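Colleague: Here numbering that gives the first Met the number 0 is used: the first residue of the sequence shown is 0, the next is one more, and so on.
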Amino acid sequence: MVRPIGRGSYGEIWLARSLTGAWRAVKIVERSRFDDERSFEREFDGMARFEPVSREHEGFVDILHVGRSDDGGFFYYVMELADDAIPRGKFDPAEYQPKTLKSELQRVARLPADEVITLGLSLTTALAALHQHGLVHRDIKPANIIFVGGVPKIADIGLVSAMGQDSFVGTEGYVPPEGHGTAQADLYSLGKVLYEIAMGKDRMQFPEVNTAISAMPDKVQLMRLNDVLLRACARDTDARYATADEMRVDLENVRDGRPLGGVHHRRRWLRLAALLLVCAVAFGAWRSWPFGQPAGEGSVLVETDPPGAMVIIEQRMQRSPAHFTGVKSGMRNAHVMLAGYDPLDVPLKIAPDTETKPRAISLRRSLGNVRVASEPAGCEFEIRSGAETVQSGKAPADFNGLPTGAYEIVMRHDGLEKRAAIEVVSGETATASLAFGSGKFLISSSPQGAEIFADGKPAGTAPCEIAIGEGEHKLTARYRAWPAQERTVRAEAGTEAGVAFAFPFGRAKITSAPAQASVIFDGKEIGLTPLLVDELEPGERKYSLRLAGYRNAEAVANVKAGEQAFVGVRFERRPVPHRGDKWENTLGMRFVPVGDVLVAVWPVRVRDFQAFAEATGLTRVPLEFTQEDTHPAVNVNWEDARAFCQWLTEREIKSEQLGEGQSYRMPTDAEWSIAAGVTGEGGATPQERDGGVRDFAWGRAWPPPPRAGNFADISRKRQPFIAAYSDGFAQTSPVGSFPANKAGLFDMSGNVWQWVEDIYSSSPQHREWRALRGGSWATSKQEYLRLGYREVADIKQRDVTYGFRCVLVPGGER
């Protein structure tokens, strides 16, 4: 429950928010507001009956839940929330006011006829649905018609009850003479509501029409609509609409330009026809008697000076010269109205079966006076009739001889505007007095110097004193890079209040590992880490950190007002690989010195190759078996391997990991032999050296001893495999799963075949063929596992047993 937004005779309506965040209206009906328990229970019973009905028609406000608290002495119900009376970009619970027909009438004096008809059609449809359930509303009025999503809906449904219940509710002027509690009474109330919004007059003035109707663009439709309202609000219940559907049909007829009382009256006239036939005989006999003659009917022509006045006889209305037929004979009253003239009631004697033509009715100019005053004096104002300004000036001022009718005073002072409605009555002086007070605000800011705006307009620099007109205002303070701050204040005449804006500084805590790094901002050294920098404006601040022997680092502190930003920098050394030293690159690939190069201790892993594939967009062919990140990459051809080495070289140079002339590549055939511990090989090409060395990586014995490497062993469970050997892996194994050789290198025998850099043969036709060394997880033949054996394949060929190993050239070669 947020705050009350409405009050009535029986309780309050609260703005509330559900657990799901939806905004609702909750009405609390208190037992103490009723004279007795029976009346209270009747209201609760009506509410409980209406709850399921409310969701059947869009013209009812949806009731979402009904409950009661016997201990608290009240019952309540949860409703959908009305639209905001003032459209806003974002819902503001502090400013929200429900949009009702009453609030709309405060904004405009009247609505066009077509909008009134549309509203009437919606509400008659809703009332028809209500009456079909044996329920009546009992208090139809503008305040009880709300808008939800732009749709008019009948509200204050706590008043709904079964037809015939007689607890006193209702609002004077909307309740018919016979009282409330019937469907016809609801229609009477609705007729008065439509009268107010169509004619722009109070319901107590019914059936007077607007004196300016002749100048209205919708006057024709308005007059036809008035016929409907006269019937809906007739004092005689027999002359009224019997059902909401009947009234709805006539409203449709007005909208569509059809005659009133059409198809929906036929059944009633058919029933009357038989009665008329029966009466005809008796009527003829009655007329033959010399006594008891009926009065008969006649006609009358009413003319006015000036012409064009509205003439009403027996609830029928025409503009003069007005010709009425079928008027009951005898004395009849003609009510005559014309904008700017005094209304007249003229008695007419109607003769039976003849046309009465009295002399023209002279109308007297209807004039009144207006006095406008203001506080303070000198406020500018306009007197408006609709959209037209009829007088203007500065208060105080008097105006005599204004045509009677409704006017609006619009007065302005110091940027504020106030409005007041007045009614000019013949021979009287209508007074409008509007007062503009102001409140004083003492504005301060910390730090001083904030720019202050009142309702978006510059008002000074804090500290300052401003006076603004009474009412609600928005004060905004802006100071350099800080977010703008806003306050909503209410100025009251003759009061003084203080408003303080605070713009707290932020700070940044800068640290590094190792510490004692120089911190540079805007080209100047401001201290050594760890460093706390105070009194910072909000925003991003870029710092440079320098420490001897490490790469320079950049850091950004996102400083927020009143908060501490933390910046932590972990320095990286500036090492570069050197011949004879071990090395680890940015992918975590480790290298050991072998001869003049640094050789990767294991084949390129899945994780290494995946980084390359993602960076270059290389699409990899899915395997039929599963590999983890630490398994050797397979399905790699010679071109893939070379591209990986080029990419890795460029990546490491960009990240300052490699020095001038350093690079990655595949090992040459000779370098691979040295890394495997092979000595004494002759020949200039891999072809000439192929098969010369007969030893295995583990020696000369066959089969391999336990943990010699990952070969085609009995775990494959299919031929061919080494019958007396088991390594525990059916396909590839994580690199380093088996012991390293004397050079500290893993998987120099088994797991994957490894591409070498150079061409297999010196023959020109063999330029596209390269050697692979070491065997794989699928190798079972002794010959293929000898250190001197070379597998030969085309540079474009991929296989699930092919991988590669990198070497790092420390310098002088690329």
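Just so you know, even glycine gets a beta-carbon here, dropped at the ideal spot from N, CA and C.
Keep in mind that this is a model prediction, so the values were computed, not measured.
So, are the CB atoms of residue 708 and residue 749 less than 9 Å apart?
Modeller: Mapped onto the sequence shown, residue 708 falls at position 709. Mapped onto the sequence shown, residue 749 falls at position 750. Yes; because the gap between Cβ atoms is below 9 Å, this pair is in contact.
Colleague: Give the single residue among 139, 402, 376, 375 whose Cα lies nearest to the Cα of residue 383.
Modeller: The count along the sequence shown starts at 1 and reaches residue 383 at position 384. Of the candidates 139, 402, 376, 375, the one whose C-alpha sits nearest the C-alpha of residue 383 is 402.
Colleague: Comparing C-alpha positions only, which one of 468, 777, 772 sits nearest to residue 752?
Modeller: Stepping through the sequence shown from its first residue, residue 752 is reached at position 753. Nearest C-alpha to residue 752: 772.
Colleague: Which residues mark the beginning and the end of the beta strand (DSSP E) in which residue 756 is found?
Modeller: Looking up residue 756 in the sequence shown gives position 757. It spans 752 to 758 - the beta strand (DSSP E) in which residue 756 sits, taken as one unbroken run.
Colleague: Could you round the C-beta distance between residue 540 and residue 565 to whole angstroms and report it? I think they count as a contact, below 8 Å.
Modeller: For this step, residue 540 is matched to residue 541 along the sequence shown. For this step, residue 565 is matched to residue 566 along the sequence shown. That belief does not hold up - the Cβ atoms of residue 540 and residue 565 are roughly 13 Å apart, past 8 Å.
Colleague: If we ignore side chains and look at the alpha-carbon of each, how far apart do residue 511 and residue 502 end up?
Modeller: In the sequence shown, the residue the question calls residue 511 occupies position 512. In the sequence shown, the residue the question calls residue 502 occupies position 503. Taking the straight line from one Cα to the other gives about 30 Å.
Colleague: Which value, in whole angstroms, describes the spacing of the CA atoms of residue 157 and residue 35?
Modeller: Position 158 of the sequence shown, counted from the first residue, corresponds to residue 157. Position 36 of the sequence shown, counted from the first residue, corresponds to residue 35. Confidence in residue 157 is poor, its pLDDT being 44 and thus under 50, which makes the residue's placement unreliable; the coordinate value appears in the next sentence. About 17 Å.
Colleague: Would you report the Cα separation of residue 475 and residue 457, rounded to the nearest angstrom?
Modeller: Reading the sequence shown from its first residue, position 476 is the one you call residue 475. Reading the sequence shown from its first residue, position 458 is the one you call residue 457. Near 9 Å, if we compare the C-alpha coordinates of residue 457 and residue 475.
Colleague: Given this structure, state the Cα-to-Cα distance separating residue 432 from residue 227, to the nearest angstrom.
Modeller: Translated into positions along the sequence shown, residue 432 becomes position 433. Translated into positions along the sequence shown, residue 227 becomes position 228. Looking at the two C-alpha atoms, the distance is approximately 38 Å.
Colleague: Among residues of its own chain, excluding the 5 on either side of residue 489, which ones have a beta-carbon nearer than 6 Å to its beta-carbon?
Modeller: Walking along the sequence shown from the start, residue 489 turns up at place 490. Result list for residue 489: 471, in chain order.
Colleague: Please name the residue in 688, 241, 207 whose C-alpha comes closest to that of residue 759.
Modeller: For this step, residue 759 is matched to residue 760 along the sequence shown. Looking at the Cα atoms, 688 is the closest of the given residues.
Colleague: Would residue 694 and residue 787 qualify as a contact pair, given that the criterion is a beta-carbon distance under 9 Å?
Modeller: Here the question's residue 694 lines up with position 695 in the sequence shown. Here the question's residue 787 lines up with position 788 in the sequence shown. Yes; because the gap between Cβ atoms is below 9 Å, this pair is in contact.
Colleague: Looking at the unbroken alpha helix (DSSP H) that takes in residue 613, where does it start and where does it end?
Modeller: Within the sequence shown, the letter at position 614 stands for residue 613. Run containing residue 613: 605 to 615, per the alpha helix (DSSP H) assignment.
Colleague: Cutting at 7 Å between CB atoms, please list the residues of its own chain near residue 803, excluding the five before and the five after it.
Modeller: Residue numbering aside, residue 803 sits at position 804 when the sequence shown is read from its first letter. Here the set comprises 602, 603, 635, 640, 665, 753, 754.
Colleague: Around the Cβ of residue 99, are there at least 16 other Cβ atoms within 10 angstroms (buried) or fewer (exposed)?
Modeller: Within the sequence shown, the letter at position 100 stands for residue 99. Answer is buried; the Cβ neighbour count reaches 16.
Colleague: Would you decide whether residue 701 is buried or exposed? Buried here means 16 or more other CB atoms lie within 10 Å of its CB.
Modeller: Here residue 701 refers to the residue found at position 702 of the sequence shown. That one is exposed.
Colleague: Can you find at least 3 beta carbon pairs, one from the stretch 583 to 602 and one from the stretch 521 to 535, that sit closer than 8 Å?
Modeller: Flag = no, the stretch 583 to 602 and the stretch 521 to 535 do not touch.
Colleague: Run the CB neighbour count on residue 291, radius 10 Å, all protein chains shown included, and call it buried at 16 or more, exposed below.
Modeller: As a position in the sequence shown, residue 291 is number 292, starting the count at 1. Per-residue confidence for residue 291 stands at a pLDDT of 40, beneath the threshold of 50, marking its modelled position as unreliable; no derived number is given.
Colleague: Give every residue of the same chain whose Cβ lies closer than 7 Å to the Cβ of residue 300, excluding the five residues on either side of it in the sequence, and list them in chain order.
Modeller: Here the question's residue 300 lines up with position 301 in the sequence shown. So the list reads 320, 322, 354, 356, once near-sequence residues are dropped.
Colleague: Where does the unbroken beta strand (DSSP E) through residue 732 begin, and where does it stop?
Modeller: If you number the sequence shown from 1, residue 732 lands on position 733. Per DSSP, residue 732 belongs to no beta strand (DSSP E) and is neither H nor E.
Colleague: Between the C-alpha atoms of residue 809 and residue 681, what's the straight-line distance to the nearest angstrom?
Modeller: As a working note, residue 809 is residue 810 in the sequence shown. As a working note, residue 681 is residue 682 in the sequence shown. If you take the alpha carbons of residue 809 and residue 681, they lie about 26 Å apart.
Colleague: Hey, quick one: how far does the alpha helix (DSSP H) through residue 130 stretch, first residue to last?
Modeller: Indexing the sequence shown from 1 puts residue 130 at position 131. Start and end: 112 to 131.
Colleague: State the Cα-Cα distance for the pair residue 22 and residue 11, rounded to the nearest angstrom.
Modeller: The count along the sequence shown starts at 1 and reaches residue 22 at position 23. The count along the sequence shown starts at 1 and reaches residue 11 at position 12. Straight-line Cα distance between these residues: approximately 17 Å.
Colleague: Short check: CB of residue 391 to CB of residue 407, under 9 Å?
Modeller: On the sequence shown, residue 391 is found 392 positions in, with the first residue counted as 1. On the sequence shown, residue 407 is found 408 positions in, with the first residue counted as 1. In this structure, residue 407 does not lie closer than 9 Å to residue 391 by Cβ.
Colleague: Comparing C-alpha positions only, which one of 71, 337, 218 sits nearest to residue 111?
Modeller: Position 112 of the sequence shown, counted from the first residue, corresponds to residue 111. Per the Cα distances, 218.
Colleague: To which residues of the same chain is residue 362 closer than 8 Å at the C-beta, ignoring the five residues directly before and after it?
Modeller: Numbered from its first residue, the sequence shown carries residue 362 at position 363. So the qualifying residues of the chain are 303, 304, 305, 308, 335, 337, 340, 341, 343.
Colleague: Am I right that residue 347 and residue 333 are in contact with their C-beta atoms under 8 Å? What's the rounded C-beta distance?
Modeller: As a working note, residue 347 is residue 348 in the sequence shown. As a working note, residue 333 is residue 334 in the sequence shown. Their Cβ separation, rounded to whole angstroms, is 5 Å, which keeps residue 347 and residue 333 in contact under 8 Å.
Colleague: Determine the contact status of residue 379 and residue 393, defining contact as a CB-CB distance below 9 Å.
Modeller: Walking along the sequence shown from the start, residue 379 turns up at place 380. Walking along the sequence shown from the start, residue 393 turns up at place 394. For residue 379 and residue 393, yes; Cβs fall inside 9 Å.
Colleague: Residue 525: buried (16+ other C-beta within 10 angstroms of its C-beta) or exposed?
Modeller: Your numbering for residue 525 matches position 526 in the sequence shown. Exposed.
Colleague: Whose C-beta lies closer than 7 Å to the C-beta of residue 741 among residues of the same chain, with five residues either side of it excluded?
Modeller: As a working note, residue 741 is residue 742 in the sequence shown. Here the set comprises 676.
Colleague: From the DSSP output, in three-state form, read off residue 105 for me.
Modeller: Along the sequence shown, read from residue 1 onward, the residue named residue 105 stands at position 106. Three-state DSSP puts residue 105 in a helix.
Colleague: Mark residue 153 as exposed unless 16 or more other C-beta atoms lie within 10 angstroms of its C-beta, in which case mark it buried.
Modeller: Here residue 153 refers to the residue found at position 154 when the sequence shown is read from its first residue. It counts as buried.
Colleague: Does the Cβ of residue 651 lie closer than 8 Å to at least one heavy atom of the ligand NAP?
Modeller: For the ligand NAP, the structure offers nothing, since it holds no ligand at all.
Colleague: Among 765, 592, 315, 131, which residue has its Cα nearest to the Cα of residue 743?
Modeller: Locating residue 743 in the sequence shown gives position 744, where the first residue counts as 1. Minimum Cα distance to residue 743 is reached at 592.
Colleague: Which residue marks the beginning of the beta strand (DSSP E) containing residue 557, and which one marks its end?
Modeller: As a working mapping, residue 557 is identified with position 558 in the sequence shown. Run containing residue 557: 552 to 558, per the beta strand (DSSP E) assignment.
Colleague: So, using beta-carbon positions, are residue 212 and residue 221 closer together than 9 Å?
Modeller: Looking up residue 212 in the sequence shown gives position 213. Looking up residue 221 in the sequence shown gives position 222. Against a cut-off of 9 Å, the Cβ pair of residue 221 and residue 212 comes out as a contact.
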